[in-house]
Amino acid sequence: MAPSIDRQGYWGQPTSTLDWCEENYVVSFYIAEFWNTVSNLIMILPPICGAIQTFRDGLELRYICSFLGLAAVGIGSWCFHMTLLYEMQLLDELPMIYSTCVFVYCLYECFKQENSVNLFPIVILFIFSVSVTLVMYGALVACLVMRSVFIVTWVYPWLRALCYTSLGVFMLGFLLWNIDNVFCDSLRASRQSLPPGVGVVTQFHAWWHILTGLGSYLHILLSLQIRSTYLKYRPKVKVCFAYFDILLLNCCFDLMLVIYLLISLFVCPI
Ligand SMILES: [Zn+2]
1 MAPSIDRQGY WGQPTSTLDW CEENYVVSFY IAEFWNTVSN LIMILPPICG
51 AIQTFRDGLE LRYICSFLGL AAVGIGSWCF HMTLLYEMQL LDELPMIYST
101 CVFVYCLYEC FKQENSVNLF PIVILFIFSV SVTLVMYGAL VACLVMRSVF
151 IVTWVYPWLR ALCYTSLGVF MLGFLLWNID NVFCDSLRAS RQSLPPGVGV
201 VTQFHAWWHI LTGLGSYLHI LLSLQIRSTY LKYRPKVKVC FAYFDILLLN
251 CCFDLMLVIY LLISLFVCPI
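Position one of the sequence shown corresponds to residue 1 (the working numbering), numbered consecutively onward.
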């Protein structure tokens, strides 16, 4: 087993039930897991811009909630990884459940009248969200995947690329999350011998944040595009980045890409 190189820091001994593979207080005295913390920017800034743009475009409240829910996940995760305190761990995990409930509502109510509110699924999702377990979260994500695949297979096949890019990015993040957990000892040992700039790339939990942030953002865009198409809005999207055939919502995604690239450079200084 690799020797622990965790240090003492500003927030004291970790009280959270989880302590990830990144070595504690190595980069900063004030941030327990530096890379796992700053990588949350991808989940905070672009969704806030998305919420503002959605509000400006006069789109439905549920999509503003989706973007803000994703930003809340990023803020909770930032606080958790920065402090490794149990209270902050709850701030990380609960918004994940709540925001996924909003995503599920959006995707299952996408073929209803404009501004309609259906209380039945809201009550069901509320009951679901208060019975917080990892299995419940998995079940919610499975609902999202099945519904997305159904819609792009049978209703709007032209949105397949966006749907599968979102799913693929998310799954890649999940793969890295598992590698980080399973091979933590080897990763820690390799970071001792690698130059710091290269060792940082092996912070796979930070990559999980970046990839799930991107995947979730793309999922909200997909959901919004499905809804806009159904309501026959004049599309407020533009097509660029043609290689992936991704539909981008005004400048939000462009901004996200810039931030994404900046963080990639920051995390991977070659
Ligand atoms: Zn995390």
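Using N, Cα and C, we set each Cβ at its ideal position, and we do this for glycine too.
From a predicted model like this one, the values you see are computed outputs, not experimental measurements.
In this structure, residue 222 places its C-beta atom within 8 Å of the C-beta atom of residue 166.
Each residue's CA atom was taken as its position, placing residue 184 and residue 218 some 29 Å apart. DSSP, read as helix, strand or coil, puts residue 181 in helix. Taking non-hydrogen atoms of ligand 1 into account, the C-beta of residue 99 is found less than 7 Å away from none of them. Between residue 69 and residue 46 a beta carbon distance of about 13 Å is seen, past the 8 Å cut, so the two are scored as non-contacting. According to the DSSP assignment, residue 38 belongs to the alpha helix (DSSP H) that extends over 34–38.
What you get when you keep residues with a C-beta closer than 6 Å to any heavy atom of ligand 1 is 36, 77, 81, 205, 209. Beta-carbon to beta-carbon, residue 97 and residue 63 are separated by about 19 Å, too far to satisfy the 8 Å threshold. With fewer than 16 other CB atoms across the displayed protein chains lying within 10 angstroms of its CB, residue 17 is exposed.
Take residue 30, set aside five residues on each side of it, and the residues of its chain with a beta-carbon closer than 6 Å to its own are 10, in chain order.
At a cut-off of 3 residues, not a single continuous stretch assigned as beta strand (DSSP E) sits fully inside the segment 163–219.
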